[in-house]
Every structure is written in structure tokens, then in C-alpha cells.
Amino acid sequence: MDNRIIARILAEIGEYLEMAGENFKPRAYEKAAGSVANLDEEAGSIYRRGGIKALEEIPGVGESIAEKIEELIKTGKLKYYEKLKKAAPVNLTELSRIEGLGPKKIKKLYEELGVKSVSDLERAAKSGRIRTVPGFGEKSEEDILKGIEFLKKSKGRFILGFIMPEVRKIEEELKKLSLASRLEVAGSVRRMKETIGDIDILASVKGGKDFDRRAKKMMSAFTSMDEVEHIYAEGPTRASVRLNFGLDADLRVIPESSYGAALLYFTGSKDHNIALRNIAIKKGWKLNEYGLFKGQKIIAGKTEEDIYSALGLQFIPPEMRENTGEIELAAEEEIPKLVGYDDLRGDLQIQTDWTDGSSGIADYAEEAMGKGLEYIAITDHTKHLAMTGGLDEKRLANQGKEIDKINSRIRKAGKRFRVLKGTEVDILKDGSLDLKDEALVKLDIVGAAIHSYFNLSEDEQTRRLIRAMENKNVHIIFHPTGRIINRREPIKLNIDEVVRMAKKTGTVLEVDAYPDRLDLKDEFLRKCVEAGVKISINSDSHEVSQLKYLYLGIGQARRGWAKKSDVINAWPLDKTLSFLKR
DNA sequence: GCCGTTTTCGGCCCGACTGTTTTCAGTCG
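For the first sequence, my numbering begins at 60 and goes up steadily by one.
Given below as C-alpha cells:
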């Protein structure tokens, strides 16, 4: 039984206990679920290694939860969980996705009306029975129907790179009003999470006696924007709305003196904030969105730096704030200097109109120069991918001649820029490659990638990838897990083994920066960084405008704690090339 | 149910907003 399933069951137990009116147990289960989900090792393997005592080493897991995990590992079932489910057989996960509905209300609806699912809920609301339940009224009934409608329309979380233009547009519109002294999108957007659930906007206005008036003006400007489709809540300092492109947005207005505290708070993550608050508590202080306080006296609040520093911590970049060890590093002054958003010098994965891309090589060179890059690699698909018009050895050689011409034109124009010859060679089912070694050895950059047989077992898939890495001509594995966010699951891989073999063979692993790939993802990148495996951040462009997606790959690499020295295309070209010639 | 510079008991992050209530429980982030 894998960690995700164990974590989900623990989290559900927490919700059932909350329904039952328990006070602190739900949080204990929720916390344990979070740690299990974040484990590097399968709980089953921890248990086999050290038994129940080893399970108790997991943060938030004590005697009782360890026994429950043991039962799940041994029997695949958990009596305690089955009992809770039987006592209240409702689809909690589904129902609590409706805005405004939590465990307590769900319990009431189940007890009074027998509501078990969203479809039960819809019937109850439409027939006017919700309003008869104590604590509910006509408004609640309406809100529930609206919530159901929204749930039917929305497809869960939005992919950051695709929604970013809309986010920036809202941000720009609000800034244009010139009502706020500072305004910023915080939350998961600022942490560069690959998907986001909503937009958290933070604005500050001058404090003092006119604060209320200024804040109110800001709030009403926000809720009356053209994009606002529905207002969930609107108070003097906080409003929550649904935007017409299907995303929810929150605005908080705070006085300037609290901007740093509020930015810290609204950037999250929630777990990071809780950990910071606990540090404050241990010092006898209190941390909230208005500042860090000792009694009534404010110690810090104007900037995030001030607050971290007062807590005895180094500044932590937003992308690292997930409470997965960064606070401990900050206490030791060991936060790494992460690769920066301006650090990339080249892009090593680009598809052109020779295969399934729609822009030509020269256009890419032009666009990349305009973006300040110093090199790009052309890496079209190979013959096995017939639907893309993949290149065979002969067409690849012809493409090389065109690249030579383009490079000489660039040189004659006196520009320092180079187009590298490359390929995205297909990894076949058995791990062999789609092009002959004689063709590969002539190229500057050989990326290899899996595009077929996504359903092999973990063992087969891992051996397949390792065989590709063992080819001396392969420099980089492109999008190693093959996932497409919200569409395709990653292939099954023993990632630790892959990282180990990448280190041994000197193979680079990629962060494909395309918005719905971001592959490798953050947690796997951390493993690379720890093991000393180099990474490259590439756009996987199929059209010149897609070079802009590199920033998403950088964000993901920062979430994986990568430094400039870990990223081969953040280096000068001669260093990169000599590194690749192992 | 977990945990410990509050250490084996007594705490557990904190504040805004809503709807349905006449003072607050529930939800959210």
C-alpha cells in the first residue's frame, strides 16, 4: 500500500473525527497524513526495516497512529476507519469540495436529510429541504446550489503557466487604480506551485485614521471589476470572489506597517506559517498577519526579512516555504542561493517545423537572442514518432547543414550566439534508441525521451531508462517521468535508482518547463541536487513564443532547492559542452 | 492523538466573514 493511500485514509479519519465533534484528534490525524504524504521512503519499507518503532519516528505519528499504519500495511484494511465510515457513510471528500460546507454541516445534513453525496445534496436543495434544517436558511440553500454548479464546471486546480496571463491581468488592473501603496499576488502563485486553486492578492494602504475609508475604496474597486462573476464575501478588509474564467480570488487590504507580516502570511504555505508561529510561541511571542508581537508591542512586521530575522532565521525564498526542512536550514544559516530567474544562458530542448514544431530554426535563434540567451539546441523528434514527422539519420544530417548556415550568418552579423545541433531521440520499449550511435555522436546535444509504452511496470520502466542513460552518447533525459499534469500519470519509476544511475553515468536530468509538464518535479529535483546530479531547464518549445515558459522551469528548480551550479544551461556554453563530453 | 527550552500532563495557529442567530458556530485560508 503506497504512502498516498495511507495518507488519504488518515486524512479521511481526521474529517470523520471532526464530524464527530472531536477537538484535537482531527488535527493529529491531518498532521500525520501530511507527514506520510511527504515521506521519502514507502511506509511499508520503513516498517519492514524497523517495525512499529520506526513508524513512530515519523513526525506526528505516535503509538496509536503507528499501529493503524501497521494494520494498513499488513492487512490492506483498517477496522477503525471502516467503523467510522459505517457510522456516517457519506462521501466527505466530494461534499467538502463545496464552498462553505465543512464536516459539521455535512453531519447535520446527513442526520436530518440523509445526504450522502453531492447528488443527494442537489436533490435536497432543489426540493427546498435544506432550509428546514436548523442552522440553515434560504441563503444557505441558494449557496449550496451555486456551489454545486461551480463544482460541475470547474476541473480542479489550474495549471500555473496557462492561467498566469489572466492572473497578471487582474494584478495590473488593480495596480492601475493607484489605490494601494503596494499590491502583490501571494499564495501558491508566489510559491510557483505547478497548479493553483485560487489567487491571493494583497494590498496595503496608508494606516492612520483614514485607513478604513481607503481600504473600503480598494475593496469595492475589487469586487466591481468586470471579471467578477460572483461575490462570496465582502468585508472591510477582506473580499472573496469568483472570476469569470473560473478561478476564485481573495483580496486582503492591510496597513503599510503590516505589509511584510501579511505577505508572509498570505504566501504560505499553511504548514510553513504554522511552523513559524510555533517558533514565535516558544519565544513567548505571537505571529499573525499584522506582525510579530511581544504582548502588545510589535517586534517586526514591515518586511518579511524583519520577521524571519527576529525569529532567528535567514530569509527563506517563497518557493521553498513548504515546511519540508527549509526552516531548519534557515536556523543554521544554510539556505542555498537558488538559481535565479535571470540565470539561464541557453535552452536545450526545442522542436521546429522540421517535425511537430511550427517555427523555423532561424526564428527561434532570433527570439532567443531577443530574450538575452546565448545558445539554443535544436532537438527535433526522431523517426519512430511518425506522427510528428520524426527525423531519420539522413534528414538529421541535412538539418545540421541548415544549422551551420544559420550559425555562420549569425557570426557574420557580429552576434555572439550559437545554435547547437541536437535531437530528442526516442527511447524504444527495450531502452535502445531510435537513431544509430554514428548519427548521435556527431551532435552537440543528445536528449533522449520516452514517448510510448507508458504502462510498463516500475521495474521494466526503470531498466528501460537506465539502459538509455548507459548509452555514452546520451547527455540528457528529457521529461523523465512523462507526466502531463491533469492528463497523464507519470510512468512508474524507481526514482532513487534513476538518480543513482544518472550520477554514475554522468547523465543530466531535465526540468521540462512546459506548463503542464514541469518534469522532473520539485521533490525529485531535490533528490538530484542532494545526489549531485546535474539538471537542465528547457522550454520544450514547439513555437517561438513558448520560450517564455522557461521561468516556470526555473520556479520548479527553485522549489527543488537547485543552485545555479546545479543547472548546466545556467553555465557559459564552453563549460556546458565540456561537461557533456564525459 | 501527539508532543516536550511548557517535557509524561496540558496544551494544541490565528483572525475575518457569513448566516442564522440574538451572541456565535462553522468555514476558510
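Glycine included, every Cβ here is placed at the ideal spot set by N, Cα and C. All figures in this text were calculated on a predicted structure; none of them were measured in a lab.
Can you list, in chain order, the residues of its chain whose CB lies under 6 Å from that of D285, leaving out five sequence neighbours each side? none
Three-pair Cβ contact test at 8 Å for the stretch 289 to 309 versus the stretch 270 to 280: yes
Tell me whether the stretch 488 to 495 and the stretch 518 to 531 touch, counting them as touching only if at least three CB pairs, one residue from each stretch, are closer than 8 Å. yes
Contact defined as beta carbons within less than 8 Å: I believe W620 pairs with V588. What is the distance between those atoms, to the nearest angstrom? 5 Å
Could you give the uninterrupted runs of the alpha helix (DSSP H) lying entirely in the stretch 274 to 356, keeping only those of 4 residues or more? 318 to 326, 329 to 341
Let me confirm a value: M251 is counted as buried when at least 16 other C-beta atoms fall within 10 Å, else exposed. Which label applies? buried
When burial is assigned at 16 or more other CB atoms within 10 Å of the CB, is E517 buried or exposed? exposed
Taking C-alpha atoms, which residue in E364, E115, L261, N628 lies nearest to Y434? N628
For G506, the residue or residues it bridges with in DSSP: E483, I535
Please determine, among R156, S237, V398, the residue with the shortest C-alpha to C-alpha distance to A616. V398
Just the C-alpha distance for Q476 and V626, rounded to the nearest angstrom, thanks. Sequence inspection shows Phe at residue 476; the Gln mentioned does not correspond to that position. Straight-line Cα distance between these residues: approximately 19 Å.
Taking the alpha helix (DSSP H) that S178 belongs to, which residues open and close that run? 177 to 185
Following the continuous alpha helix (DSSP H) through Y610, name the residue where it begins and the one where it ends. 609 to 618
Name, in chain order, the residues that DSSP records as bridge partners for H440. E483
G343 to L154, Cα distance in whole Å? 39 Å
Determine the extent of the alpha helix (DSSP H) in which N62 is found, giving its start and end residues. 62 to 78
Can you list, in chain order, the residues of its chain with a C-beta nearer than 6 Å to that of G206? Leave out the 5 residues immediately preceding and following it. I157, E158
Helix or strand or just coil, what does DSSP make of A239? coil
Reference L233; option with closest CA among D202, T282, A321: T282
The alpha helix (DSSP H) spanning N457 covers which residue range? 452 to 471
Where does E122 fall in DSSP's three states? helix
Express the C-alpha separation of N466 and D406 in angstroms, rounding to a whole number. 16 Å
Would DSSP call T134 helix, strand or coil? helix
Does the distance from the C-beta atom of V478 to that of I462 stay below 7 Å? yes
Integer Cβ distance of L322 from E363, believed to fall under 8 Å: 6 Å
Using three-state DSSP, classify R559 as helix, strand or coil. helix
Under the assumption that A280 contacts S263 (Cβ atoms under 8 Å), give the Cβ distance between them as a whole number of angstroms. Contact doesn't hold; Cβ gap of about 15 Å is too wide.
I'd like to know whether the C-beta atoms of V300 and V287 end up nearer to each other than 7 Å. yes
Start and end of the beta strand (DSSP E) containing L261? 257 to 264
Could you pull out every residue in the same chain whose Cβ sits closer than 7 Å to the Cβ of L606, ignoring the five residues on either side in sequence? D406, E426, A427, K430, S598, S600
Burial state of F83 (16 or more Cβ within 10 Å): exposed
Taking DSSP as the reference, what is the three-state secondary structure of L650? For residue 650 there is no data in the structure shown, the boundaries of the chain being 60 and 641.
Tell me whether N457 is buried or exposed, calling it buried when 16 or more other Cβ atoms sit within 10 Å of its Cβ. exposed
Is I435 helix, strand or coil by DSSP? strand
Roughly how many angstroms lie between the CA atoms of P314 and E230, to the nearest whole one? 19 Å
Among G350, K361, P539, nearest to D485 - alpha-carbon criterion: P539
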